[in-house]
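There are 2 protein chains.
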Amino acid sequence: MTTLDAPDLPTTAAAEPAPVDVAAQVEAVATRAKRAARRLATANRATKDAALHALADALVAATDRIVAANAEDLARGRASGMAAGLLDRLALDPQRIVAIADALRELATLPDPVGEVVRGSTLPNGLRLRQVRVPMGVVGMIYEARPNVTVDAAGLALKSGNAVILRGGSAAASSNAVIVDVLSEALEHQHLPGALVQSIDAWGREGAVALMRARGLVDVLVPRGGAELIRTVVRESTVPVIETGVGNVHVYVDESADLSVALPILLNAKTQRVGVCNAAETLLVHQAVADEFLPVAIAMLADAGVTVHGDAETLALAPDEADVVAATDEDWATEYLSLDLAVRVVEDLDEALEHIRTWSSGHTEAIITRDLASSERFVAEVDSAAVMVNASTRFTDGGQLGLGAEIGISTQKLHARGPMGLAELTTTKWIVHGDGHVRP
Amino acid sequence: MTTLDAPDLPTTAAAEPAPVDVAAQVEAVATRAKRAARRLATANRATKDAALHALADALVAATDRIVAANAEDLARGRASGMAAGLLDRLALDPQRIVAIADALRELATLPDPVGEVVRGSTLPNGLRLRQVRVPMGVVGMIYEARPNVTVDAAGLALKSGNAVILRGGSAAASSNAVIVDVLSEALEHQHLPGALVQSIDAWGREGAVALMRARGLVDVLVPRGGAELIRTVVRESTVPVIETGVGNVHVYVDESADLSVALPILLNAKTQRVGVCNAAETLLVHQAVADEFLPVAIAMLADAGVTVHGDAETLALAPDEADVVAATDEDWATEYLSLDLAVRVVEDLDEALEHIRTWSSGHTEAIITRDLASSERFVAEVDSAAVMVNASTRFTDGGQLGLGAEIGISTQKLHARGPMGLAELTTTKWIVHGDGHVRP
């Protein structure tokens with residue numbers, strides 16, 4: 120999910136070592152990862168689940184080491200003037216470490232995607248076909264300053280049979296180094312390769328670039344963070360990338376909306392959690408209900424601390440002009456990730472759809488309506504990963520949709536769209552059995 | 120499928136026009152494609168199938184125009200010394216045009232992937248979920264001098280609800296221009312947007328580069344051709360790419376193989392069609408059966424005109440040394456696409472697996488065996504799109520595997536692996552229905 124973390128990819132890590140052949144070092148890491156992944160590919164679920172429990176236990180046992188390393192990161196962050204919200208995301212304490220470990224144990228309860236037969240048949244010529252889920256191999260993650268992502272990514276990769284190469288934010292470098300160490304050791308105690316979880320943080324930005332160019336050794340790269348980080352990875356990478364997380368999310372209140380349904384959904388979508396990609400950023404209101412809905416909605420949002428950036432009609436309907444500011448095109452384009460909301464009155468459903476087509480990032484949009492035809496048009500014509508009818512946009516989440524843990528929310532159309540869980544970290548293999556079949 | 124066509128991407132098309140803002144032109148093409156795709160996305164199967172028949176009829180009706188344009192391409196090809204095999208792939212005559220049109224009619228018989236519910240459920244909180252197949256939107260194709268690919272790509276895109284932007288080889292420019300014209304007109308007669316099928320051949324290499332950079336307008340790019348073309352597209356593209364076609368394909372004859380099964384499979388895999396990605400390029404033979412198998416196999420291959428590039432043990436077993444040449448590492452790496460075969464005697468299954476890990480392009484490998492444990496290890500450990508047991512590698516083909524027509528054979532792990540049919544040209548959308556649901 121998109122976070123408030125400042126993208127730190129373009130800067131060089133403070134602790135970067137003396138000149139070395141970074142590309143060769145990262146290639147060596149990726150080669151070890153590939154070999155390790157080969158061993159894991161044929162491991163059964165029991166082995167992987169036991170390892171997940173062992174990783175969880177090891178993290179909790181290493182609480183003191185992790186907290187001490189995290190204190191270094193926090194001190195560096197404070198010294199460099201890091202914002203309070205970012206410091207909070209970076210901070211680990213014994214309670215948070217227990218929660219992170221519990222997430223690994225939760226992963227052990229999920230079914231193993233590896234081995235699932237996706238389709239299969241016997242052809243008229245007698246060939247027996249199966250298309251079976253197999254691990255990707257080596258997954259690369261490039262992310263920002265949240266050390267919990269280090270553990271989540273390692274756990275999801277392990278459960279889906281993959282090795283992972285991690286490039287975390289330099290702001291969390293000390294925490295991540297200890298965490299990767301602990302996980303890697305715990306894997307070896309389970310007689311699994313420690314190279315299943317490796318970090319390339321030591322090689323700074325150059326290491327990240329080398330990872331993006333390791334096509335053939337790394338099977339997929341998942342950037343997780345702000346828009347700038349994701350753009351950089353997409354531009355630089357020759358390894359296939361799954362784009363995640365940028366959510367310019369819309370809620371459209373239709374002419375026929377039940378306003379007592381619309382208000383709580385709007386409040387939930389905007390304020391239940393602010394710095395996340397499935398939070399609402401723009402409200403579109405059908406003109407026929409604007410007079411009735413907007414004054415109440417604006418007052419409710421103001422009570423919750425939300426600043427409304429409205430078009431002229433919205434401004435005119437605000438009960439207190441202190442609660443609203445005038446919107447520009449930039450507001451329609453912005454993923455605020457803050458207590459701000461762009462609001463526009465639209466003529467009809469067509470204008471709402473046109474606005475969404477123009478400005479949406481293709482993550483999630485919601486319609487509030489009682490009209491069947493409107494809901495069906497909205498569902499058919501909105502080209503986003505998730506479309507909600509009379510429900511909060513905050514439900515676009517692997518956990519909420521019952522997929523289990525997620526590694527991110529894909530906003531691209533290739534391979535994965537929407538929440539990416541374990542199955543999205545696998546590929547397939549065709550297995551064909553014959554009895555001497557040749558092609559005529 | 121990989122063809123023998125020479126990659127012509129790095130050269131500039133002869134007919135390139137005077138300086139224009141190519142990026143802006145291609146962006147305009149892609150914007151028209153996107154708008155056209157939006158209209159097609161909600162078209163039902165009957166509409167799309169009727170259009171496929173109309174396209175087929177229009178091509179046959181335009182036979183004279185197409186053949187005349189093709190004659191220009193052939194004349195240019197002969198003048199520039201194009202090889203006979205390439206000229207043959209480029210050539211169109213009335214009979215070939217009928218076959219191309221029939222392939223479109225065949226597409227109309229396949230089920231529509233759009234609208235398929237991939238998974239769905241009702242959550243404990245009452246939210247109703249469906250994950251539904253929807254078209255990608257705009258598909259870009261970059262390919263070489265085979266005008267039939269122009270029609271295939273247009274048909275597959277149409278049936279799967281997508282617009283297509285085509286960049287064909289400059290050697291087929293005249294044929295492609297007429298074909299795209301005919302298809303586009305026929306679509307408009309069917310009250311569908313002509314912009315569903317567009318070519319950017321007029322803008323040469325610059326146009327291809329602009330297409331590769333049209334992220335946000337083009338949803339996926341499929342390069343189809345030789346290794347060099349595919350490498351270029353992977354390196355230059357910011358649009359997500361699906362890599363197709365390079366097949367360094369292995370056949371392994373196990374210790375327990377039924378040699379009367381192994382011989383016809385080997386002959387079929389190597390010689391049934393030579394210039395295709397699923398043809399065998401390397402034979403690995405277990406040492407225990409080499410003495411018995413290789414003399415017969417080499418003689419059989421020699422009769423079929425195949426030159427064996429063998430390791431020392433293979434050379435020693437050749438009944439006539441005129442049929443064999445010494446292999447180097449380059450042979451293990453080569454996709455010959457010709458009547459050549461690299462042959463190596465291996466100590467055991469482990470050495471065969473290690474050879475495949477080192478040299479395979481991950482397309483298709485086959486084992487010939489009677490031993491269950493060997494077949495299971497081979498299937499589990501070979502990391503390729505398709506693994507055959509006692510069957511010819513030539514079966515890795517959308518038509519042969521019952522998927523219907525294919526747009527290429529993916530050798531990457533993301534999104535599609537193996538033959539890519541209609542379903543692989545779609546993505547999915549989550550549709551969530553609630554009754555005022557908010558996230559607690």
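These protein sequence lines are chains S and E, in that order.
For my numbering, add 119 to where a residue sits in the first sequence, where the first one is 1.
For my numbering, add 119 to where a residue sits in the second sequence, where the first one is 1.
Virtual Cβ for every residue (Gly too), placed ideally from N, Cα, C.
Please read these numbers as outputs of a predicted model, since none were measured by experiment.
- Secondary structure, beta strand (DSSP E): runs of 3+ residues fully inside the segment 387 to 465 of chain E: Note on the segment 387 to 465 of chain E: whole beta strand (DSSP E) runs with a minimum of 3 residues are 399 to 405, 426 to 429, 443 to 445 and 459 to 465, in chain order.
- Answer yes if the segment 207 to 220 of chain S comes into contact with the segment 521 to 534 of chain S, meaning at least three C-beta pairs across the two stretches below 8 Å, and no otherwise. Fewer than three pairs of CB atoms, one per stretch, sit closer than 8 Å, so the segment 521 to 534 of chain S makes no contact with the segment 207 to 220 of chain S.
- Message: Strictly under 7 Å for the Cβ-Cβ distance: is residue 333(E) near chain S by that measure?
- Response: It does not; no Cβ of chain S falls within 7 Å.
- For the segment 264 to 292 of chain E, which segments carrying the alpha helix (DSSP H) assignment without a break, of at least 4 residues, lie completely within its bounds, in sequence order? Here the runs fully enclosed are 266 to 278.
- Query: For residue 555(E), which residues in chain S fall below 7 Å Cβ to Cβ?
  - Reply: Correct list: 380, 383, 384 and 509.
- Item | Continuous beta strand (DSSP E) assignments of at least 3 residues falling wholly in the segment 295 to 365 of chain E | The qualifying runs are 316 to 318 and 339 to 343.
- With DSSP as the reference, label residue 559(E) as helix, strand or coil. Reduced to three states, the DSSP call for residue 559(E) is coil.
- Query: So, using beta-carbon positions, are residue 373(E) and residue 486(E) closer together than 7 Å?
  - Reply: Contact: yes.
- Query: Taking three-plus beta-carbon pairs below 8 Å as touching, is the segment 429 to 446 of chain E in contact with the segment 409 to 421 of chain E?
  - Reply: Flag = yes, the segment 429 to 446 of chain E and the segment 409 to 421 of chain E touch.
- Which residues in the same chain have their Cβ closer than 7 Å to the Cβ of residue 483(E), if we skip the five residues on either side of it in sequence? Around residue 483(E): 366, 368, 397, 503, 504, 505, 507, 512 and 515.
- Item | Classification of residue 405(S) by the beta-carbon crowding that lies within 10 angstroms, buried from 16 upward | So residue 405(S) counts as buried.
- Report back the beta-carbon spacing between residue 296(S) and residue 188(S) to the nearest angstrom; my notes put them in contact at under 8 Å. Indeed they touch by this definition, with Cβ atoms about 7 Å apart.
- Message: Rounded to the nearest angstrom, what separates residue 481(E) and residue 530(E) at their Cα positions?
- Response: Whole-angstrom Cα-Cα distance: 6 Å.
- Message: I'd like to confirm the pairing. Which residues does DSSP put opposite residue 234(E) in its beta bridges?
- Response: The partner list for residue 234(E) (beta bridge, DSSP) is empty, contrary to what the question assumes.
- Is the segment 275 to 289 of chain S in contact with the segment 536 to 548 of chain S, if contact means three or more CB pairs nearer than 8 Å? Yes, since at least three Cβ pairs between the segment 275 to 289 of chain S and the segment 536 to 548 of chain S fall closer than 8 Å, the two stretches touch.
- Task: Please state if the CB of residue 333(S) and the CB of residue 155(S) are separated by a distance shorter than 7 Å.
- Result: Not a contact, by the Cβ cut-off of 7 Å.
- Message: Can you find the residues in the same chain that come closer than 6 Å, C-beta to C-beta, to residue 375(E), ignoring five residues on each side of it along the sequence?
- Response: Excluding sequence neighbours, residue 375(E) sits near 488, 489 and 490.
- Message: I'd like to know whether the C-beta of residue 320(S) is nearer than 7 Å to at least one C-beta of chain E.
- Response: By this cut-off, residue 320(S) is not an interface position.
- Message: Counting only Cβ pairs nearer than 9 Å, list the residues of chain E close to residue 230(S).
- Response: Taking the beta carbon of residue 230(S) as reference, no residue of chain E falls within 9 Å; the closest one sits roughly 13 Å away.
- Find the residues of chain E that neighbour residue 255(S), judging by a C-beta separation of less than 7 Å, and give them in chain order. Chain E residues near residue 255(S): 532.
- Query: Can you give the beta carbon distance from residue 325(E) to residue 498(E), rounded, assuming they're within the 8 Å contact cut?
  - Reply: A Cβ-Cβ distance of about 46 Å is found for the pair residue 325(E) and residue 498(E), leaving them out of contact under the 8 Å criterion.
- Query: Going by C-alpha distance, which of 386(E), 395(E) and 400(E) is nearest residue 77(E)?
  - Reply: Past the boundaries of the shown model lies residue 77(E); chain E is included only from 120 to 559, so the question cannot be answered.
- Leaving aside the five residues before and after residue 249(E) along the sequence, list all residues of the same chain whose C-beta is less than 6 Å from its C-beta, in chain order. If we look at residue 249(E) and ignore the five residues flanking it on each side, its Cβ neighbours are 236, 239 and 550.
- Taking residue 493(E) as part of the alpha helix (DSSP H), name the residues at either end of that continuous run. Where residue 493(E) is concerned, the enclosing alpha helix (DSSP H) starts and stops at 491 to 500.
- Nearest candidate by alpha-carbon position, reference residue 221(E), set 179(E), 426(E), 378(E) and 247(E): Nearest of 179(E), 426(E), 378(E) and 247(E) to residue 221(E), Cα basis: 179(E).
- Task: Work out the CA separation of residue 320(S) and residue 345(S) for me, nearest whole Å.
- Result: In this structure, the CA atom of residue 345(S) is about 18 Å from the CA atom of residue 320(S).
- Message: Please tell me whether residue 499(E) has its Cβ less than 7 Å away from any Cβ of chain S.
- Response: By this cut-off, residue 499(E) is an interface position.
- Going by alpha carbons, who is nearest to residue 258(E) out of 170(E), 358(E), 176(E) and 204(E)? Residue nearest to residue 258(E) within the set 170(E), 358(E), 176(E) and 204(E) is 358(E) (criterion: CA-CA distance).
- Message: Residues of chain S with CB closer than 8 Å to the CB of residue 178(E), please, in chain order.
- Response: Here the premise fails: no neighbours, minimum Cβ distance about 28 Å.
- Message: Does residue 139(E) pass the burial test, meaning 16 or more other C-beta atoms within 10 Å, or should it be called exposed?
- Response: Residue 139(E) counts as exposed, since fewer than 16 other beta carbons sit within 10 angstroms of its beta carbon.
- Using a Cβ cut-off of 7 Å (strictly closer), state whether residue 353(S) contacts chain E. Interface residue, yes.
- chain S residues whose Cβ lies nearer than 8 Å to that of residue 514(E): Per Cβ cutoff of 8 Å: 246, 551, 553, 556 and 558.
- Query: Three-state secondary structure (DSSP) at residue 132(S)?
  - Reply: Unreliable placement is indicated for residue 132(S), whose pLDDT of 46 sits below 50; the coordinate value is still reported in the next sentence. The answer is coil: DSSP assigns residue 132(S) none of H, G, I, E or B.
- Query: Relative to the C-alpha of residue 145(S), which residue among 268(S), 231(S), 329(S) and 289(S) is closest?
  - Reply: Of the listed residues, the one whose Cα sits closest to residue 145(S) is 329(S).
- Cβ of residue 372(E) less than 7 Å from any chain S Cβ? Interface annotation, residue 372(E): not in contact with chain S, CB-CB separation never under 7 Å.
- Query: What are the start and end residues of the beta strand (DSSP E) that includes residue 250(S)?
  - Reply: Where residue 250(S) is concerned, the enclosing beta strand (DSSP E) stretches over 247 to 254.
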